[in-house]
Amino acid sequence: MEMPSMPQPTFFLFKCEQSAPPGMPKPSCVNEQTQDLFNYLSQMLMEKKIMGPVQAIRTSCLGRCQMGPLMLVEPGHYMYCQLSKEKIDRIIDEHILGKEPVTEFLIPKQYWDEPVSLEK
Ligand code: FES
Numbered sequence: 019m020e021m022p023s024m025p026q027p028t029f030f031l032f033k034c035e036q037s038a039p040p041g042m043p044k045p046s047c048v049n050e051q052t053q054d055l056f057n058y059l060s061q062m063l064m065e066k067k068i069m070g071p072v073q074a075i076r077t078s079c080l081g082r083c084q085m086g087p088l089m090l091v092e093p094g095h096y097m098y099c100q101l102s103k104e105k106i107d108r109i110i111d112e113h114i115l116g117k118e119p120v121t122e123f124l125i126p127k128q129y130w131d132e133p134v135s136l137e138k
């Protein structure tokens with residue numbers, strides 16, 4: 019049986035959805051103040067009719083908890099930090115739709131340096 023072709027999404031938005039258990043000293047991306055960000059992101063993608071070509075994905079910890087809430091945009095390894103609804107709006111409008119990453123919202127380079135080489 020021949021299957022219809024399925025195009026790849028244009029962007030994947032990996033939103034960290036880790037929340038620390040009560041009493042944990044380490045910060046996490048999801049707490050009472052930030053727990054609605056993923057739903058907000060999904061709602062905005064639907065409102066702009068780009069859900070599908072743009073896939074929002076819940077992930078666990080992305081390893082930069084002190085800079086959270088975090089969202090990794092692929093392709094490109096763009097890591098956005100200290101996310102808010104206002105930042106999500108601009109990331110969608112300027113990066114996803116406008117193709118210009120919002121550099122002022124990216125995680126500082128000392129937290130997100132060059133990828134580790136796998137060559138020996
Ligand atoms: S909890 Fe989100 S990066 Fe660790």
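Under our numbering, the residue at position 72 of the sequence shown is numbered 90, and the numbers go up by one with no gaps. Backbone N, C-alpha and C fix where the C-beta goes; we use that ideal spot for every residue, glycine too. Keep in mind it's a predicted model, so treat the numbers as computed, not measured.
8 angstroms Cβ shell around Glu35 - same chain, five flanking residues per side excluded: Around Glu35: Cys47, Val48, Phe56, Arg76, Thr77, Ser78.
Close beta carbons around His113, own chain, < 6 angstroms, minus the five adjacent residues each side: Excluding residues within five positions, the ones whose Cβ falls inside 6 angstroms are Pro119, Val120.
Check: Gly86 C-beta below 7 angstroms from any heavy atom of the ligand FES: Yes, the Cβ of Gly86 comes within 7 angstroms of a heavy atom of the ligand FES.
beta-carbon Gly94 near the ligand FES non-hydrogen atom, thresh 7 angstroms: Closer than 7 angstroms to some heavy atom of the ligand FES: that does not describe the Cβ of Gly94.
heavy atom of the ligand FES below 7 angstroms from Leu31 C-beta: For Leu31, the CB stays at least 7 angstroms from every heavy atom of the ligand FES.
Host alpha helix (DSSP H) of Ile106 (start-end): Element bounds for Ile106: 103–108.
Nearest neighbour of Asp107, chosen from Glu50, Glu65, Met85, Gly70 [CA to CA]: Of all alpha-carbon atoms in Glu50, Glu65, Met85, Gly70, the one lying nearest the alpha-carbon of Asp107 is that of Glu65.
Host alpha helix (DSSP H) of Glu65 (start-end): First-last of the alpha helix (DSSP H) with Glu65: 55–65.
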